[in-house]
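Novice: Before we start, here is the structure in question, set down as structure tokens.
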Amino acid sequence: MKKSIQKARKAAAVTLSLALAGSMLFVAPEAAAASKKKAKVKLNKTKLTLRVGKTYKLKLKNNKKKIKWSSSKKKVATVSKTGKVKAKKAGTARITAKVGKKKYVCKVTVKNKKKTTKTTKTTTTKKPTVTKAPANNTNTVKATPSPTPYVAATDFTLDDYPTAMEITGDNVWPLNVSVSPSNATEKVKFTVDNPELATVDSNYNFKANGIGKVTVTASIANGKTKNFVCDIQEPYQTSSHDPSVVKGDDGYYYIFGSHLAFARTDNLIGWTQVTNNVTKDTSETGSVFASYWENWAKYNKNGVANKDNSGNDCLLKDNQWAPDVIYNKAMKKWCMYMSVNGPDLNSVIVLLTADKLDGDWTVQGPVIYSGLTTKDGVEGHNFKYTDYEKATGESTLASRYLTGNSYNPAYQTNAIDPCVKYDAEGNLWMSYGSWFGGIYFIKLDAKTGLRDYSYTYKYDTDDTDGTTSDPYMGIRVAGGSRATGEASYIIQKDGYYYMFESYGGLTATGNYNMRVFRSKNITGPYVDKQGRNALRTSKNTTSVTGNIGIRLMAGYKWSCNSKGYLAQGHNSALVDDDGRMFLVYHTRFTNSGETHQVRTHQMFMSEDGWLCVAPYTYNGEKISASGYDKKEVAGTYEYIYHEPSTAGGSVVNSTYITLYENGTVGGVDAGGTWSMKSGKPYVDFTIKGVKYQGVFSYGYDESAARNRVMTFTAVGANNVCIWGSKTLKDPKTESGSVTADSNAITVPSSATADFDLPLGGAYGSTVSWKVTAADNAVAVQGSKAVVKRHLKDGSATLTATITKGTSSATKTYKVTVPGLLNDIQIETVVKSDSITLPKTLNGGYAISWTSSDTSVINPATGAVTRPAAESKDVTLTATVTGNGETETKGFSVKVLTKGDIQYLYTQDYESVTDITTLFASANMAGGISLGTENDNHFLKFAQDSSSGNRGGKAADFGITAEQSSYIVEMDVALTSGNVANRSQSQLVLTSTDSTTDKANNNGGMADADAYILKLDTTQNTTGQLQTDWYINGTQNKLTIPSGTWVHLQVEVNVTAKTLKVVATNGDTVLGTVDNVAFTGNGTPKGFYVLSGRGSGVTQIDNIKVQ
7 MKKSIQKARK
17 AAAVTLSLAL
27 AGSMLFVAPE
37 AAAASKKKAK
47 VKLNKTKLTL
57 RVGKTYKLKL
67 KNNKKKIKWS
77 SSKKKVATVS
87 KTGKVKAKKA
97 GTARITAKVG
107 KKKYVCKVTV
117 KNKKKTTKTT
127 KTTTTKKPTV
137 TKAPANNTNT
147 VKATPSPTPY
157 VAATDFTLDD
167 YPTAMEITGD
177 NVWPLNVSVS
187 PSNATEKVKF
197 TVDNPELATV
207 DSNYNFKANG
217 IGKVTVTASI
227 ANGKTKNFVC
237 DIQEPYQTSS
247 HDPSVVKGDD
257 GYYYIFGSHL
267 AFARTDNLIG
277 WTQVTNNVTK
287 DTSETGSVFA
297 SYWENWAKYN
307 KNGVANKDNS
317 GNDCLLKDNQ
327 WAPDVIYNKA
337 MKKWCMYMSV
347 NGPDLNSVIV
357 LLTADKLDGD
367 WTVQGPVIYS
377 GLTTKDGVEG
387 HNFKYTDYEK
397 ATGESTLASR
407 YLTGNSYNPA
417 YQTNAIDPCV
427 KYDAEGNLWM
437 SYGSWFGGIY
447 FIKLDAKTGL
457 RDYSYTYKYD
467 TDDTDGTTSD
477 PYMGIRVAGG
487 SRATGEASYI
497 IQKDGYYYMF
507 ESYGGLTATG
517 NYNMRVFRSK
527 NITGPYVDKQ
537 GRNALRTSKN
547 TTSVTGNIGI
557 RLMAGYKWSC
567 NSKGYLAQGH
577 NSALVDDDGR
587 MFLVYHTRFT
597 NSGETHQVRT
607 HQMFMSEDGW
617 LCVAPYTYNG
627 EKISASGYDK
637 KEVAGTYEYI
647 YHEPSTAGGS
657 VVNSTYITLY
667 ENGTVGGVDA
677 GGTWSMKSGK
687 PYVDFTIKGV
697 KYQGVFSYGY
707 DESAARNRVM
717 TFTAVGANNV
727 CIWGSKTLKD
737 PKTESGSVTA
747 DSNAITVPSS
757 ATADFDLPLG
767 GAYGSTVSWK
777 VTAADNAVAV
787 QGSKAVVKRH
797 LKDGSATLTA
807 TITKGTSSAT
817 KTYKVTVPGL
827 LNDIQIETVV
837 KSDSITLPKT
847 LNGGYAISWT
857 SSDTSVINPA
867 TGAVTRPAAE
877 SKDVTLTATV
887 TGNGETETKG
897 FSVKVLTKGD
907 IQYLYTQDYE
917 SVTDITTLFA
927 SANMAGGISL
937 GTENDNHFLK
947 FAQDSSSGNR
957 GGKAADFGIT
967 AEQSSYIVEM
977 DVALTSGNVA
987 NRSQSQLVLT
997 STDSTTDKAN
1007 NNGGMADADA
1017 YILKLDTTQN
1027 TTGQLQTDWY
1037 INGTQNKLTI
1047 PSGTWVHLQV
1057 EVNVTAKTLK
1067 VVATNGDTVL
1077 GTVDNVAFTG
1087 NGTPKGFYVL
1097 SGRGSGVTQI
1107 DNIKVQ
């Protein structure tokens, strides 16, 4: 069941729009539609192809405002002030029409002029024939035209090729190719050293299909060649919860996710956001789902609009969940089935149709409702406002649906998570449901896409055949009795229907995981490899971490992953035109909160007909149908056993096994065997007495290098999946293996939390650990180093013994454990009537305070008496006791008089009306806004997620007089970019001698430039949000929670050219960094912001310089 926060508003009288159909009332799907919408502003063309020298006039329809036209590549295409586009050179360009902050883009492809064929002396043999009518028109005779003669090329040119490109949702790059002589008909031949990663078609279009470096060679028959190398780089990873994948007739793959997160791709790796009429208007009145929200889903079981945890109204935009899209052959329409979710099972699945996958979409009507009751009115979810009577022929709601007069959650299912599929006979079916009453199928009318009312279901509770049925809800094939299970998805392959489900809760620690069952019939029964049925009769008969259903993957982490994968689920799947199968799902990550992204893996079929998931994310790889040589696959592998009981945000770390050529398996308890199938990619394992069947295939690891490695994936008779990834070239000797594995071990030099210790190496070595630490700062427990912080700094020496065969080596690592006293931080410059003095410290410690001058600072209450004449210096001493320890820590505090506070500059944005005047950057202008939160205004910059890093001046203080010392304060909420090897985020306090804080600097403030304070995430290497912000280099840093408002106080000593930074969140001190050197002249100039690519957001408020 979805765990999204429910939102609502106060109960209000609702005027219902109802339509009479037969003898029953339905919620009218369009009754609450908004009044006539304003005409949509759009370009007359969003894609355009021109030959060099040709022109085309672009027009922005329904627009009366001033338009600013621009071209991304003026060498390829120019655009006039009136929108006239002129093609200049072969290539692609984006023409943008900007109106205020809105942008409308047309992609222009420019091709070379058509070549004219000149007469050339040549010899031809056989001539093709055409039919020609004779003069008398009585019969026909054959005429032979002159064929186009073949003319060889003597030379060619190749330019406008990519040397580096980020793989996105659209990766076609037209190459500029021309041959000599001009009448040559010979085509230039292109080859790519790794065709899995890129191709060049006959029209000279370079297309990226995977991540990595490729060498492209162009040649002609006389032997002349040219080449280029292209580095195809990691994409910005999109976020789409519950992604449903479909392939369009335009060749693109589309995903449709919850909360209207739609995207498309031509490669299943990088995605580009898709918008349409559904995504553009999500208001309570303007949305296409407004009537279904207002007339059914909005109200809770008490008949009042639901509230979120903050007491605010739940919103429609947060309750549009998990759509599924299919092409309806009879209707010749794309059909979207969207769940409009209610707080108490009162949901409805709605059908929309469109001619194209990118819309516009039109509502056709409801498919099925849930949360039926006998309470009064729509607010009470009375069954008479649904199609229950039409579907069942019954005028009363059966008691099994009810608990009292409310819904029965153990019987009724939730009308969410639809999946619509054709069966082998061409019938259209929809699976749906979640937890509660289980997963059901109903038959749809293929001519309308809505429910087929001619197909009826009896009330049948006999589950001996693996299914039950209900007259309204249909055929139950999985779950029930409030047992875990949601997000059903069906694919058909090789005579079976495969049904996926997700068990558990979708949070990072909620144990979300994907299971698969199969059946010969689309409506079940569905069983796992052990023959156990997906149907449940009791809540306790399905464990979230049990082994009913094949668990496709546990939380896991390869050695090349910087973070582990968690809570993978709510998947969809696709059988592509070439028969390849893909699994598309969302995943969370270790130490990343609830951040989620989309991932795609290829799937393979084992010899006994079960789905196996590739160990790494898809990167263009193709399996060899004829298999592999035994020497090619034998060797040492990283190994993951997807333990079903993995839970609570933990992951399975890879270990190592060896597949010997003699068919034995080393590195696993009790040994094992393996065997290949000749001429096929199939592999069988027997490990610990369990048989696993799967395939070998090359894949690409997830290191920065994206190495192409041999992998295996297999499913066991115990419903457990195993993965292997062959290590890189083996050093062969035992001592070489020990050396290589020793060099690969990394241990942190400083630690405040537990960390992992490897117990094996990539080349088959085993690693054992011991620790010497007199102060008990670190202990070894298996593969974990357990850190125990005391009040004072501690340290430990860890010793690793690396062994393979008769060879061994030892390595030692010194680990410092910072003491808890470092966590005590207070204000050191006080300019108010109180100071916050913490009373406790994590770990069960109590803090008491003394003051050197109690007339100024009362240590018991934190009350401050401001001096009348001049500032006072006070020493505050913290005495910390607990766990048998007692330590003290002193703080020097300066208390200012009221007269000391004279502001050189202030800005709280409350009187600002045009925020763009304060933010000097053309590149950033589109993302600048005046943010509002609790009636407070602030500067906000949130660029388009597909943009690169964007930088510019964010404020100019106008201070010219030199200062000997001053304090800068501000409230900030910082979210870093999250694109691996691309994003970098900065917030810089500049000085009057800064030079690179110019308006359009997207490269960041240079280290060598003059500045006072530079908060810098440095370049993102993980693709995750960064919370460590380095200060004036990499020696000092603050940890700032993403997107959280924090207060920064910067004390600047111009004479000493040092500063002190204190970060607080309310009464909590997040960190203090003192005595940091700066490079500028010290006179404050303003702020420069670099917002990181992807998720970068910078918010600033309440700036004070005093």
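Its first residue numbered 7, the sequence shown is counted upward by one per residue in my numbering.
Note that beta-carbon positions come from the ideal geometry of N, C-alpha and C, so glycine has one too.
Being a predicted model, the structure only gives us computed values, none of them experimental.
1. Output the distance between the C-alpha atoms of N411 and L403, rounded to the nearest integer angstrom.
2. For a test of the three-state rule: what should DSSP assign to K81, helix, strand or coil?
3. What residue ranges within the region 738-804 form continuous beta strand (DSSP E) runs of no fewer than 3 residues, ordered along the chain?
4. Nearest by alpha-carbon distance to I853: which of V384, L882, E833 is it?
5. Since I believe R557 is in contact with R521 (beta carbons under 8 Å), could you give me their beta-carbon distance rounded to a whole number of angstroms?
6. Where in the region 370-446 do unbroken runs of the alpha helix (DSSP H), each at least 4 residues long, occur, reported from the N-terminal end onward?
7. Measuring only the C-alpha atoms, how far is F1093 from N1108?
8. Mind checking T135: buried by the 16 CB within 10 Å criterion, or exposed?
9. List the DSSP bridge partners of H1184.
10. Is K535 helix, strand or coil when you go by DSSP?
11. Buried or exposed: where does Y571 fall if 16 or more other Cβ atoms within 10 Å of its Cβ makes it buried?
12. Closer than 8 Å is the cut-off here; do at least three beta carbon pairs connect the region 474-484 with the region 451-464?
13. Would you check if the region 613-627 and the region 695-715 touch, i.e. whether three or more CB-CB distances between them fall below 8 Å?
14. Taking DSSP's pairing of strands, which residues face W680 in a bridge?
15. Going by C-alpha distance, which of K109, D364, L378 is nearest D393?
16. The beta strand (DSSP E) with T231 in it runs from where to where?
17. What are the complete beta strand (DSSP E) segments, minimum 3 residues, inside the region 491-518?
18. Along the chain, where does the alpha helix (DSSP H) that runs through K304 open and close?
19. Nearest-angstrom Cα distance between M342 and H607?
20. Quick check on the DSSP output: the alpha helix (DSSP H) that includes K286 runs from which residue to which?
21. T473 and P531 look like a contact to me (Cβ under 8 Å); what is the Cβ gap, rounded to whole Å?
22. Looking only at its own chain, which residues have a Cβ that is under 7 Å from the Cβ of T205, when we skip the five neighbours before and after it?
23. Thinking C-beta only, is A869 closer than 7 Å to S898?
24. Can you confirm whether W277, when its beta carbon is compared against all beta carbons of chain C, has any partner nearer than 7 Å?
25. Please give the ranges of any beta strand (DSSP E) in the region 864-922, keeping only runs that are unbroken, at least 3 residues long and fully inside the region.
26. The beta strand (DSSP E) spanning E939 covers which residue range?
27. Exposed or buried, what is N209 when buried is set at 16 or more other beta-carbons lying within 10 Å of its beta-carbon?
28. Going by DSSP, name the residue or residues bridged to L698.
29. Cα separation between V373 and I355?
30. Starting from K113 and walking both ways along the beta strand (DSSP E), at which residues does that stretch end?
31. Taking Cβ to Cβ, would you say T102 is nearer than 7 Å to K92?
32. Per DSSP, V346 forms a beta bridge with which residues?
33. Is the Cβ-Cβ distance between G1010 and L1065 less than 7 Å?
34. If we ignore side chains and look at the alpha-carbon of each, how far apart do T1045 and S598 end up?
35. State the DSSP-derived secondary structure class of S854, mapped to helix, strand or coil.
36. Is DSSP giving L181 helix, strand or coil here?
Specialist: Reading off the structure:
1. Rounded to whole angstroms, N411 to L403 spans 10 Å at the Cα level.
2. Reduced to three states, the DSSP call for K81 is coil.
3. Counting only runs that start and end inside the region 738-804, the beta strand (DSSP E) elements of at least 3 residues fall at 772-778, 784-787, 790-793.
4. Per the Cα distances, L882.
5. Contact between R521 and R557 holds, with the beta-carbon distance rounding to 6 Å and staying under 8 Å.
6. As far as the region 370-446 is concerned, its whole alpha helix (DSSP H) runs of at least 4 residues are 394-398.
7. Near 13 Å, if we compare the C-alpha coordinates of N1108 and F1093.
8. Confidence in T135 is poor, its pLDDT being 37 and thus under 50, which makes the residue's placement too unreliable to answer from.
9. Because the chain spans 7 through 1112 in this model, residue 1184 falls outside it and cannot be assessed.
10. Coil, per DSSP.
11. That one is buried.
12. Contact annotation: the region 474-484 touches the region 451-464, with at least three C-beta pairs closer than 8 Å.
13. Yes: the two stretches touch, three or more of their Cβ pairs being nearer than 8 Å.
14. Note: W680 sits in a beta bridge opposite F691.
15. Considering only alpha carbons, the answer is L378.
16. It spans 231-239 - the beta strand (DSSP E) in which T231 sits, taken as one unbroken run.
17. Here the runs fully enclosed are 492-499, 502-509.
18. Note, K304: premise wrong, no alpha helix (DSSP H); not H, not E.
19. Using only the alpha carbons, I get a separation of about 24 Å.
20. Looking at the DSSP string, the run of the alpha helix (DSSP H) that includes K286 is 283-286.
21. Contact check for T473 and P531: beta-carbon distance about 5 Å, within the 8 Å limit, so the pair qualifies.
22. So the qualifying residues of the chain are V198, K213, N215.
23. Taking C-beta atoms as the reference points, S898 and A869 fail to come closer than 7 Å.
24. This model lacks chain C altogether; it includes just one protein chain.
25. Segments of the beta strand (DSSP E) lying fully in the region 864-922: 878-888, 891-901, 911-913.
26. Bounds of the beta strand (DSSP E) holding E939 are 934-939.
27. Result: exposed.
28. Looking at the sequence itself, residue 698 is Tyr, so the reference to Leu does not match. Paired residue(s): F691, G722.
29. Counting only the Cα atoms, I355 lies some 5 Å from V373.
30. Secondary structure note for K113: its beta strand (DSSP E) is the uninterrupted segment 108-117.
31. No. Outside cutoff.
32. Per DSSP, Q326, V354.
33. Taking a C-beta distance under 7 Å as the contact criterion, G1010 and L1065 do not qualify as a contact pair.
34. A straight-line Cα-Cα distance of about 14 Å links T1045 and S598.
35. DSSP places S854 in strand when its eight states are reduced to three.
36. In this structure, L181 counts as coil in the three-state DSSP scheme.
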